[in-house]
Amino acid sequence: MAVHMATSCYIFTLSTDDQADVHTDTALRTLEIKLIRMIGSLTKTAVTKDSLDDSVAAACGEFVRHYYTVSEA
2 MAVHMATSCY
12 IFTLSTDDQA
22 DVHTDTALRT
32 LEIKLIRMIG
42 SLTKTAVTKD
52 SLDDSVAAAC
62 GEFVRHYYTV
72 SEA
């Protein structure tokens, strides 16, 4: 799942439970808030747009300039 803020895009790999949650508006919003709160406490690795799958890069939006994969340390 991609979360973009300003010119940065944070790319998360969702757990099985989180994947199930994205199918309703309310659960998706809750998941987005959870991921945004986690950005500061998880490990971020800078990646290039070219290294991303086209669908992930598109989910980040056209004005993003910095891409990060996010994972637990």
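Just so we're aligned, residue 2 is where the sequence shown starts under my numbering, counting upward by one. C-beta: ideal position from N, C-alpha, C; glycine also. Quick caveat: nothing in here was measured; it's all calculated off a predicted structure.
Kindly list the residues whose CB is nearer than 6 Å to the CB of residue i, restricted to its own chain and excluding five residues on each side of it in sequence; keep chain order.
| i | result |
| --- | --- |
| C10 | A3, C61, V65, Y68 |
| I40 | Y11 |
| H5 | C61, G62, V65 |
Note down, in chain order, each residue of its chain lying with its Cβ closer than 7 Å to the Cβ of residue i, except the 5 sequence neighbours on either side.
| i | result |
| --- | --- |
| V57 | A3, I12 |
Using the three-state DSSP reduction, which class does residue i fall into: helix, strand or coil?
| i | result |
| --- | --- |
| A7 | coil |
| T31 | helix |
| V57 | helix |
| S72 | strand |
With C-beta atoms as the reference, is residue i less than 7 Å away from residue j?
| i | j | result |
| --- | --- | --- |
| E73 | L43 | yes |
Thinking C-alpha only, which one of the options is nearest residue i?
| i | options | result |
| --- | --- | --- |
| L36 | D19, D55, A7 | D19 |
| L53 | R38, T70, T8 | T70 |
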